[in-house]
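Read the structure below first, then the notes.
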Amino acid sequence: MKEIFAIGEEVDNAIEKIEFAQLRSLSLGNLPEVTSFCRREVETPSASPNRQVSQEELTTMYSSSEITLDISTLLFNEKVALPNLEALEISDINVDKIWHYNHLPVMFPRFQNLTRLIVWRCHKLKYIFSASMIGSLKQIQHLDIRHCEDLQEIISENRADEEIPNFAFSQLTTLRLEDLPKLRYLYPGMHTSEWPALEILLVYRCDKLNILAADLSQNNENDQLGIPAQQPLLPLEKILPNLTQLSLSGKDVKMILQADFAQHLFGGLKQLGIIGDDSACFPIWNIIERFHNLEILSLFCFSFPEEVFSMEGCLEKHVGKLAVIKCLHLIQLNHLKQLCKQDCKLGLIFQYLEILRVYFCQSLLILLPSSSVSFRNLTELVAFGCKELIHLVTSSTAKTLVRLVKVQVYGCRAMTEVVINDKDGVEKEEIVFRKLKTLELSDLDSLTSFCSANYTLKFPSLQALWVIGCPKLKIFTTGESSTPPRVNVWYRETAGFQRRWANNDLNTTIQQLHAEKLLAGSSSYSVDYD
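Read left to right, the sequence shown gives residues 18 to 547 (our numbering).
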């Protein structure tokens, strides 16, 4: 398919615009052969009535005249109007340009109500907007551009305009730029920009893009050579006070930490994501101190040698106000062995933690240390694809998890039990998971029990137990256990998910499922762990 709509030349010549007045949302994806949303079938006067002219013939015909023909593929030509379109998503389409705009005045409204634009994997695009188009996009609120290999700028330069342009994104609240290896500019020439409503800024793997202003000495050198200085993506100091969520590369975060920004500029920031690099050391403590109102911290792809929070004497060196982290995400920290050392004085950091999610930390051995570190406010605990993790928590730590509501353990292939005993001579001790409602155990090839020690386990609030892909699980616990009268125990068969009621007896239910070989399947995530 080359186009979504095709219009004959005689119809095209008779109308000034092709309007889709009622269209509010448009998604175009996985259309590698499409070159236009609405294309006319072109003929020349010398051609026969039924013969269409090829692009090669058009190139030859116009190259001998004074007319310049732009033969690049264009998704929306100059006659297409979608005046009430609010959401546009484009992915996997091989066009050179999205829309037709030049320096001439726009003759009719075309995309003036667009609030949301998403562009993914359009590898031929060199830019997204022309400079003359920005003024008509007053309603744009969400801009998301990812995985466009050749994209060099967001806004193309308008060479007909001799004045320095100002780009006002007055309604834009979210800007996401990810995996754009050639992106260098918002706009290649001198310009100013305004982002008064921006709250969420995410910029990942855009290595040629400057987030902060370049070094002044480098700028002076470039000026002497006649090379224009590369302006930063946006005026960071002006937008920082409004930001609630920020995600950047480790390099850019380090630059922000080193810059002389006033502390109050970070007061509104609640969520921070950082994609790391190969450096073995990253100033996590500086982040917790500088971004003092931070609540959600996500760390991706770092090379921490053993632990995330590892500064000796950290509380003495950092005396400023520390962020109260409520949610911590650790993703693909492949060398990480433990969250922190045992008995490290980190109570100030972890005592307010409510959610801890760990994904693909392949060397992780200890998640929650058995120490003085308190996790008493933890409500959700997730371990996903951590192939060296042999247990989730120790028995002494489990006793402190009095607010835990949800536990998910997926694809931890070496895990033999969820709670491991760390005391000698245990006799009839209790571990009470007072608020735990959901326990999910999936794709745990080595799991033999939830706990093999002689503890009495109490789950007074448990509603659902998921056991999928646990072929060695023969018994829930060696000791006693108690649950509400009816707990849903979910497992997977060929036909899909099934459940049984555990009438205050998880051991019997697990033994039956194991005997019937109903725990040997796998979840839908099983292909994602490696």
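The beta carbon of each residue, even a glycine, is placed where N, CA and C say it ideally should be.
Assignment of D161 by DSSP, reduced to helix, strand and coil, places it in the strand class.
Annotation: the continuous alpha helix (DSSP H) that includes N524 extends over L523 to A532. Note on G486: 16 or more other CB atoms within 10 angstroms of its CB, so buried under the neighbour-count rule. When secondary structure is reduced to three states using DSSP, I407 falls in the coil class, being assigned neither helix nor strand. Residues of the same chain with a CB within less than 7 Å of the CB of L102, apart from the 5 flanking positions on each side, are L40, R41, L43, F128, N130 and L131 in chain order. Contact check for N524 and S498: beta-carbon distance about 7 Å, within the 8 Å limit, so the pair qualifies. Cα atoms of F321 and I407: separation of roughly 20 Å, rounded to the nearest angstrom. Residue pairing from DSSP leaves N471 without any beta-bridge partner.
In the DSSP assignment, N505 falls within the beta strand (DSSP E) that extends over V504 to E510. Counting the other Cβ atoms within 10 Å of the Cβ of E180 gives fewer than 16, which makes it exposed. Apart from sequence neighbours up to five positions away, the residues of its chain that approach T191 with a beta-carbon distance below 6 Å are H159 and I217, ordered along the chain. For K268, the enclosing alpha helix (DSSP H) covers residues G267 to Q275. Non-local beta-carbon contacts of F308 in its own chain, meaning distances under 8 Å to residues more than five positions away in sequence, involve F283, L286, L289 and A340 in chain order.
Note: Q288 is bridge-paired with Q262 and I313 in the DSSP secondary-structure output.
The secondary-structure analysis by DSSP pairs K114 across a beta bridge with L91. Annotation: S413 is outside any beta strand (DSSP E); the continuous alpha helix (DSSP H) that includes it extends over S412 to A415. For W302, no beta strand (DSSP E) encloses it; the enclosing alpha helix (DSSP H) starts and ends at I301 to R307. CA-CA distance, N175 to S147, rounds to 7 Å.
Taking C-beta separations shorter than 6 Å and ignoring five residues to either side along the sequence, the partners of Q379 in its chain run N351 and K404, following chain order. M150 sits buried, since 16 or more C-beta atoms from the chains shown fall within 10 Å of its C-beta.
Cα atoms of L418 and K491: separation of roughly 26 Å, rounded to the nearest angstrom.
E447 is not a Cβ neighbour of T465, given a cutoff of 8 Å. The beta carbon of R451 sits closer than 7 Å to the beta carbons of V419, P477 and S478 from its chain, once the five residues preceding and following it are set aside; these are given in chain order.
Excluding five sequence positions before and after L530, the CB atoms of its chain that fall closer than 6 Å to its own CB belong to Y508 and L536, given in chain order. In the DSSP secondary-structure assignment, V484 is bridged to L458.
In the three-state reduction of the DSSP assignment, E434 falls in the strand class, which pools E and B.
Checking the DSSP bridge columns, you'll see N183 partnered with T209. The C-alpha of D462 lies about 48 Å from the C-alpha of L253. Comparing alpha carbon positions, the residue from E371, K199, I366 and F319 closest to K354 is F319.
In the displayed model, F146 falls within a strand according to three-state DSSP. Taken atom to atom, the span from the alpha-carbon of K440 to that of R193 is near 49 Å. The alpha-carbon separation between L189 and E166 amounts to approximately 24 Å. Between the alpha carbons of L274 and R201 lies a gap of roughly 22 Å.
Collapsing the DSSP output to three states places G152 in a helix. The beta carbons of Q349 and F317 sit closer together than 8 Å. In this structure, Q169 sits away from K141, with a CB-CB distance that is not shorter than 8 Å.
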